[in-house]
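Listed in order, the protein sequences are those of chains P and W.
When we follow the working numbering, the leftmost residue of the first sequence carries the number 47, and every step to the right adds one.
When we follow the working numbering, the leftmost residue of the second sequence carries the number 344, and every step to the right adds one.
All C-beta atoms, glycine included, are put in the ideal place defined by N, C-alpha and C.
Below: the structure, in structure tokens.
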Amino acid sequence: MTLVSAQNITYSINENKLFHNLSFGVNAGEGLHIKGGNGSGKSTLLRIILGITTPTKGLIKRCSEDLKISYLGHKNAIKNYLTPIENLELLFNDVEIKIAYEWLYKFNLSHVQDELAASLSFGQQKKLALIRVLAQSPELIVLDEPFVGLDQTAADQLNHFLEEQLSEGVGLIFTSHINPKISCKVLDLEAKNV
Amino acid sequence: MFRLLKTESFKLSNKLKSWLGPLLIMVLVLIAFPLSIDISQYDLEKFYFSIIVVSLLMTSFVATEGMFEEDFEDGSLEQEFLIEKDFYKLVLSKILVYVCLIGIPIAFIGALFSFANGVAIGSFAKVFLLLILSNLLLFNLFAFGNALSINKGAMLGVLSSLPLALPVIILLGRAIRSIQFGDGFSSIIALMFGLGLILSAMMPLIISAALKTHID
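Quick look at the structure:
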């Protein structure tokens, strides 16, 4: 089943075309790695897929209006004046929060769960943001540079968790400068092909 | 909606500076102003309520300054957009929570001080109700200003929406006179209540569109 598809997407800023006539689709259990240099429009494309940014031309189709998407962009959406637990409680109900606790343990953040998020390192904050994404039990995960700020161990862990999600039928779209160890399609914005 | 109300209450109650600051400013102005000038009790009766009105304007101005800025800066607005598809419920919840956690205590302080100074112009309930409704109107208007210039310093937008608050101040003045002369208070309160309902329903729509433009 195709979760989301892009048809002839064009996006221009001040008459400069960032990308032109892009078409691709992501099925359940399939990954799409969007590659490209700085300023090639990777983040913009993700935001177009999510419906946050409107494309100049083209169409994004979702399999259902209620498709459950979770997203992590450049901003972590972490409240610095709350603890990691409180940050998660803002989003999850009593049942979901138990799943989030398990992710805290998996990402090795249990020991800082009662400290203020402001006192966490950049990498730990990134892990917390990733937990928000993964614990939502989404049908499609959209990540913008998820490996930035993570040490090698955490990056390997994330690779493993994302592979697990793919095997469970979750769709994945992400941008990354490094080549991740995840088997997926690659969309190269500079080569303009999938 | 209930999730948003719960979330926004939790967030605001954990931001001590955001809710305690306006309350302290209100108390400070109401205490300091009569002390700083040498006036008799008779003179105080004439204009103490005007001081309350100006304090109300100032504190609602300060209270709404960071209403959307933090969520915009940390990416929470984008996350909320993905869940709700627009910001109507979020804005409505924020304004309601701000009125409940900051507006009502401010109104209570205003009403309390007017009585503590022996310059009450009517019953406590009337003054309290009047100040709550004024806060509802002002918070809606200043939230709009805040949303307009969220990425250029929210204070600028709040300042630009200041002229919109002038009709509220005029209406408040009329209400005070109607209490003093014991005439037409209920019709002005009904008008303010109606305006409050219309603004609370319409303003989130406008603010939602402004916020969407900012994250686009």
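Under 7 Å between beta-carbons, which chain P residues line up against residue i? List them in chain order, please.
i, result
"G418(W)", "G119, K121, N122, A123"
"F353(W)", "L136"
"L425(W)", "L96, I115, Y117"
"K358(W)", "Y127"
"T350(W)", "L136"
Just to confirm my understanding: we take residue i, look at its own chain, exclude 5 residues before and 5 after, and list those with CB closer than 6 Å. What are they?
i, result
"L515(W)", "V396, S477"
"T402(W)", "P365, I368, M369, I449"
"L180(P)", "W149"
"L136(P)", "none"
"L473(W)", "A518"
Mapping DSSP to helix, strand and coil, what is residue i?
i, result
"D202(P)", "helix"
"S530(W)", "helix"
"Y147(P)", "helix"
"G127(P)", "Residue identity check: residue 127(P) is Tyr in the sequence provided, not Gly. Coil, per DSSP."
"D417(W)", "helix"
"S398(W)", "helix"
"T556(W)", "helix"
"V194(P)", "coil"
"G169(P)", "helix"
"N122(P)", "coil"
"A237(P)", "coil"
"N133(P)", "helix"
"I55(P)", "strand"
"N231(P)", "The residue asked about is misnamed: residue 231(P) is Lys in this sequence, not Asn. Looking at K231(P) - three-state DSSP - the assignment turns out to be strand."
"I224(P)", "coil"
"I187(P)", "strand"
Residue i versus chain P: which residues are under 9 Å apart at the beta carbon?
i, result
"D559(W)", "R93, I98, T99, T100"
"E421(W)", "R93, L96, I98, Y117, G119, K121, A123"
Can you name the start and end residues of the alpha helix (DSSP H) that residue i belongs to?
i, result
"I438(W)", "431-441"
"A508(W)", "505-523"
"T350(W)", "345-357"
"N483(W)", "467-491"
"I447(W)", "447-459"
What residue does the beta strand (DSSP E) around residue i start on, and which one ends it?
i, result
"G217(P)", "217-221"
"A181(P)", "Element bounds for A181(P): n/a, residue is neither H nor E."
"L118(P)", "115-118"
"V158(P)", "No beta strand (DSSP E) contains V158(P), which DSSP labels as neither H nor E."
"K103(P)", "103-108"
Quick one: what's got a C-beta closer than 8 Å to residue i's C-beta in the same chain, skipping five residues either side?
i, result
"I95(P)", "V50, A52, I106, V188, I219"
"I228(P)", "G77, H79, N205, L208, E209, L212, L218"
"I531(W)", "L514, R517, A518, S521"
"C109(P)", "M47, T48, L49, V50"
"A503(W)", "Residue 503(W) is actually Ser in this sequence, not Ala. For S503(W), where only same-chain residues beyond five positions count, the Cβ hits under 8 Å are G488, L491, S492."
Looking at the ligand FAD, does it come within less than 7 Å of residue i, judged from the CB to the closest heavy atom?
i, result
"I447(W)", "Ligands displayed in this structure: none; no statement on the ligand FAD is therefore possible."
Under 7 Å Cβ to Cβ from residue i, same chain only, skipping five residues before and after it: list those, please.
i, result
"D414(W)", "L420"
"T99(P)", "T90, R93"
"L378(W)", "none"
"Q159(P)", "T129, P130, I131, L150"
"V501(W)", "F404, T407, E408, F485, G488, N489"
"F451(W)", "F471"
- Task: At 4 residues or longer, and completely inside the segment 61-91 of chain P: list those alpha helix (DSSP H) runs for me, N to C.
- Result: none
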